[in-house]
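Here's the structure we're looking at; comments come further down.
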Amino acid sequence: LMNADTLTGRHMKQSMPIKSSCRAAKGKLSITNARANNLQNVSVDLPTGVLTVVTGVAGSGKSTLIHQTFLRQHPDAIVIDQSPVGISSRSNPATYTGIMDEVRKTFANVNKVSPSLFSFNSKGACENCQGLGVVYTELAYMDEFKMPCEICGGKRFKDEVLAYKFHDKSISDVLNMPVREALDFFDTKEMAKDVMRKLQALSDVGLDYLTLGQPLSTLSGGECQRIKLASELHKKGSVYVMDEPTTGLHMSDIGHLLAIMNRLVEGGNTVVVIEHNLDVIRNADWIIDMGPEGGSKGGKVMFEGTPTQLLTAKQSLTSAYLDGGARV
9 LMNADTLTGR HMKQSMPIKS SCRAAKGKLS ITNARANNLQ NVSVDLPTGV LTVVTGVAGS
69 GKSTLIHQTF LRQHPDAIVI DQSPVGISSR SNPATYTGIM DEVRKTFANV NKVSPSLFSF
129 NSKGACENCQ GLGVVYTELA YMDEFKMPCE ICGGKRFKDE VLAYKFHDKS ISDVLNMPVR
189 EALDFFDTKE MAKDVMRKLQ ALSDVGLDYL TLGQPLSTLS GGECQRIKLA SELHKKGSVY
249 VMDEPTTGLH MSDIGHLLAI MNRLVEGGNT VVVIEHNLDV IRNADWIIDM GPEGGSKGGK
309 VMFEGTPTQL LTAKQSLTSA YLDGGARV
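For the sequence shown, the working numbering gives the first residue as 9, with consecutive numbering after it.
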């Protein structure tokens, strides 16, 4: 596979260099006297305005330090994980990001009708599928299955609503657009700048292939994580916590994820990541390594410093693998 000309093969032969020029901290967020689970009276400072990666073997106390201690002592921090987004079966990227509100207003203004006509749960929605575009059927002894609505053909709206157009596109046409197409479609048209910013954010996190109307229930964990990140890219002064964000990602996606993290930091935010992935660790501004082992033999801070400083930390198990292979 390493000799194969495939995306996986090419990335198996690559590793990112260790960051040599790290950002300077703008301040600190302290953890004091942490004793939860196996933590052994840990006090440590997390620098602000930089990318901090918390490392260590399984069971060393990383998650306890951040989730059970740091987040309790600093409740304003925002957790971005891979859990599902959207609480409604009608939720999609357009509704989650707020794009749909502006799309409804635009269709309403152009056609001189009420914005509510273009909502999935309004009188403009297909009555047969209730704006879902699909119909669920339950059978005895079997899981329910869904089929495209035979009335609207999966378009979610009544025919009279679909007749209203914006630059020759119906509301259903817009919802079926991938983000990359929507960026071009709305670029020179009567659409709020906020919509373009949100579409660009979705594209920037690598979700330009999603359609605006794709149900959020169909997204993978990595996609859920990125759509959450997209809604945060314009903010400043926040503290973000991510727990093993590389889980489920292909090697080729790691660089993209790092670019997003760095963009958040460059925007004036603080990013704290619990991670095992060596490429992420190599690109940290600051590392807090837990250990020395797991369980009762863990719970201590073994190292604090930059990636290059970690290379010479003989007491750290992480250090042995950072430069591309374990040292004997």
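For every residue, glycine included, the Cβ atom is placed at its ideal position computed from N, Cα and C.
Residue i (DSSP reduced to helix, strand or coil)
i: residue 33; result: coil
i: residue 270; result: helix
i: residue 6; result: A query on residue 6 cannot be resolved here, the shown segment of the chain reaching from 9 to 336 and no further.
i: residue 338; result: Nothing about residue 338 can be read from this structure; the chain reaches only from 9 to 336.
i: residue 313; result: strand
i: residue 333; result: A caution first: residue 333 carries a pLDDT of 49, below 50, which makes its placement in the model too unreliable to give a value.
i: residue 55; result: strand
i: residue 154; result: strand
i: residue 12; result: coil
i: residue 143; result: strand
i: residue 186; result: strand
i: residue 133; result: strand
i: residue 217; result: coil
Sheet register partners of residue i (DSSP bridge)
i: residue 299; result: 308
i: residue 278; result: 247
i: residue 177; result: 174
i: residue 111; result: The partner list for residue 111 (beta bridge, DSSP) is empty, contrary to what the question assumes.
i: residue 128; result: For residue 128, which the question treats as bridged, DSSP gives no partner whatsoever.
i: residue 165; result: 133
Whole-number beta carbon distance between residue j and residue i, since they are thought to touch under 8 Å
i: residue 238; j: residue 105; result: 7 Å
i: residue 283; j: residue 61; result: 5 Å
i: residue 174; j: residue 128; result: At roughly 17 Å, the Cβ-Cβ gap does not stay under 8 Å, so residue 174 and residue 128 are not in contact.
i: residue 268; j: residue 213; result: 6 Å
i: residue 180; j: residue 191; result: About 19 Å separates the two Cβ atoms, so there is no contact after all.
i: residue 221; j: residue 65; result: So it is not a contact: roughly 44 Å between Cβ atoms.
Cβ contact (3+ pairs, closer than 8 Å) linking the stretch 283 to 294 and the stretch 28 to 44:
yes
On the three-pair Cβ rule with 8 Å, is the stretch 242 to 260 touching the stretch 278 to 287?
yes
If you scan the stretch 46 to 106 from start to end, which runs of the beta strand (DSSP E) of 3 or more residues do you find wholly inside it?
50 to 56, 59 to 63
The stretch 81 to 99 in contact with the stretch 224 to 234 per 3-pair CB rule at 8 Å
yes
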